[in-house]
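Chains as they are written, first to last, in the working numbering: chain C, 1 to 320; chain V, 321 to 640.
Note that CB positions come from ideal geometry on N, CA and C, so glycine has one too.
Note that the structure is predicted; figures quoted are calculated from it, not measured.
Okay, structure first, notes after.
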């Protein structure tokens, strides 16, 4: 009997990754197209051509019965991508607009399309194929350029009344703190993302007199990778930068526990490579801020999915 | 055809209220017993006697098919009341312990029993009979002696992995702030409850040189009712106390929106009588801390249920 597959599409600001996934989570075929098209029709054309090509590649083994998409500012309920500043083809008259993305694709390829934001897709991926396979209540936190989140309650993603639930990267970590891209101040994302770590480094270098390997770099150019490399060499200021990051994450996690009482957090994304430097501070801050009923009982796990596959797997899990 | 009813039981620290409720939310019969019993068997005996008496009173009209209970520290999953400091009959060897409350009662009266904490019961009551009748995503906030919460996502209460989700009164409102009964610092409940308002009054009287009607009262005895009475008379310091309370509530609400994106908050409890003095500050702080997608779109509603009936109705809704 021919198998049935799903296609996962990860729409990023630079490129879009597509993969055909079987029920066991194996990627059978994949490809990448550019996301930098300025024109919506051209981008949709490229994307649907890629879907057809992949479907063709696996047709001997089985058929594609659904498409799942993870994309910035995607709304599960309406199937739209709404006001995504990093996707030029979503602009109308020079401004990000609302694109009926799921509809445009399913109309062209005749396969049902489900869409959600990247962090929600990551949560679905962990539940289907990763460390959250046996969890019915957990919170996915993606630590990348920004901080994203997907909240799973009783085995289901929390979308809220409008499809936009789970913006934990924009909860307030520091009252009247750093200015965020979203226009608010003190958002968790301005501290606990790759960019946040670099901002912390610049602040600490300015306010702290200690010597540091980081002082050899131009302050404005310092990246979270530089801080990681210096921490690896035992640079005390860099270690402190990660402890501070972990503490703010832990404080925030404690409040998130009081909301949905998850069994675990699952962390994914580039910054999680530095976990050896922030994990202990995170756990201490979280437990210091939890009531007895939760203290030392909430797990913090890290994604076990291969980073290059995770986005496709997560998106594909939306179509399961 | 005889009707079928449910019994709602509100277990408070002083007294327990019971009522038989019909499908339209009318309380057909009710009674009150003391919660001050020191002995578990005696208390359960009184409670089940009261259930039998109420069942007897309505038997001409119909039968009771379920019992719903709202109680402090109640766990929906296990049917237990766990470590409730204010319920003396739950103590073993001088310490609050775990009581299999639902089981004890259903064994005695032969009717299925569902139990949850007071704020969750209040949320169910608003959904069944109150202002949340048409809402599938909202957050119930009870402003009483403490601050409780019940979170509804997609029409269902959020219980979390252990049954203890929805402790928003213990999210951090002020980092390293006031000491809370739970052992943590800066909990929302230490600012936005009746007791919190009284603490704010004492702090402001100590730190602010302005004259105030409150200065005629002994600082240690000031209650939130005193602050309300003074605000009613235009006392500027008292008005500021409520503005501060509203601001901290609004800051907190903004972060809660980023979690579950509710259509509305529903506020209930004694302190909500002072809404005329804190509502504007709450709305301003909430909207100042929301991203564009939510700004000026999230409603803050107040319970429309008669306060004396609300607890019974809420508990009864658990059994629907």
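Quick one: give me the first and last residue of the alpha helix (DSSP H) that residue i is part of.
i, result
"residue 195/C", "194-207"
"residue 122/C", "118-129"
"residue 371/V", "360-377"
"residue 222/C", "No alpha helix (DSSP H) contains residue 222/C, which DSSP labels as neither H nor E."
"residue 577/V", "556-580"
"residue 325/C", "This structure does not reach residue 325/C, given that chain C is present from 1 up to 320, and the question cannot be answered."
"residue 645/V", "In the structure as shown, chain V starts at 321 and stops at 640, and residue 645/V therefore has no counterpart that could be examined."
Shorter than 8 Å from the beta carbon of residue i to some beta carbon of chain V?
i, result
"residue 26/C", "no"
"residue 386/C", "Since the first and last residues shown for chain C are 1 and 320, residue 386/C lies out of range."
"residue 265/C", "no"
"residue 167/C", "yes"
"residue 182/C", "yes"
"residue 296/C", "no"
"residue 289/C", "yes"
"residue 153/C", "yes"
"residue 22/C", "no"
Run down chain V in chain order and give the residues with a C-beta less than 7 Å from the C-beta of residue i.
i, result
"residue 93/C", "Those do not exist, as residue 93/C stays about 18 Å from chain V at its closest Cβ, beyond 7 Å."
"residue 293/C", "484"
"residue 258/C", "487, 488, 490, 491"
"residue 147/C", "Residues of chain V passing the Cβ test: none, with the nearest at roughly 11 Å."
At a CB-CB cut-off below 8 Å, which residues of chain C make contact with residue i?
i, result
"residue 571/V", "172, 175"
"residue 470/V", "What residue 470/V touches in chain C: nothing, since even the nearest Cβ is about 12 Å away."
Roughly how far, in whole angstroms, is the beta-carbon of residue i from the beta-carbon of residue j, given that I think they are within contact range, below 8 Å?
i, j, result
"residue 404/V", "residue 393/V", "4 Å"
"residue 169/C", "residue 189/C", "4 Å"
"residue 438/V", "residue 391/V", "7 Å"
"residue 264/C", "residue 299/C", "4 Å"
"residue 408/V", "residue 358/V", "5 Å"
"residue 587/V", "residue 463/V", "6 Å"
"residue 35/C", "residue 12/C", "6 Å"
"residue 550/V", "residue 569/V", "Rounded, the Cβ-Cβ distance is 20 Å, inconsistent with contact."
"residue 171/C", "residue 575/V", "4 Å"
"residue 237/C", "residue 208/C", "6 Å"
"residue 511/V", "residue 565/V", "7 Å"
"residue 79/C", "residue 102/C", "3 Å"
"residue 305/C", "residue 19/C", "Going by Cβ atoms, the distance from residue 305/C to residue 19/C rounds to 13 Å, so no, they are not a contact pair."
"residue 122/C", "residue 310/C", "7 Å"
Could you name the residues of chain C that residue i contacts, counting a contact when the two beta carbons are closer than 7 Å?
i, result
"residue 480/V", "137, 260, 261, 262"
"residue 575/V", "171, 172"
Using beta carbons (cut-off 8 Å, strictly below), is residue i in contact with chain C?
i, result
"residue 429/V", "no"
Since residue i is in the beta strand (DSSP E), which residue starts that stretch and which ends it?
i, result
"residue 70/C", "62-70"
"residue 149/C", "147-153"
"residue 301/C", "299-302"
"residue 462/V", "458-463"
"residue 101/C", "Not the beta strand (DSSP E): residue 101/C falls in the alpha helix (DSSP H), residues 101-109."
"residue 328/V", "323-331"
"residue 29/C", "27-34"
"residue 281/C", "Counting along the chain, residue 281/C falls outside any beta strand (DSSP E), though it belongs to the alpha helix (DSSP H) covering 275-288."
"residue 588/V", "584-588"
"residue 80/C", "80-82"
Can you determine whether any heavy atom of the ligand NAD sits closer than 7 Å to the C-beta of residue i, and answer yes or no?
i, result
"residue 49/C", "This structure simply doesn't include the ligand NAD, nor any ligand for that matter."
If you measure from the beta carbon of residue i to each beta carbon in chain A, is any gap under 8 Å?
i, result
"residue 288/C", "The question asks about chain A, but that chain is absent: this structure's protein chains are C and V."
Could you run through the region 117-128 of chain C and flag, in chain order, every residue whose CB is less than 7 Å away from some CB of chain V? none
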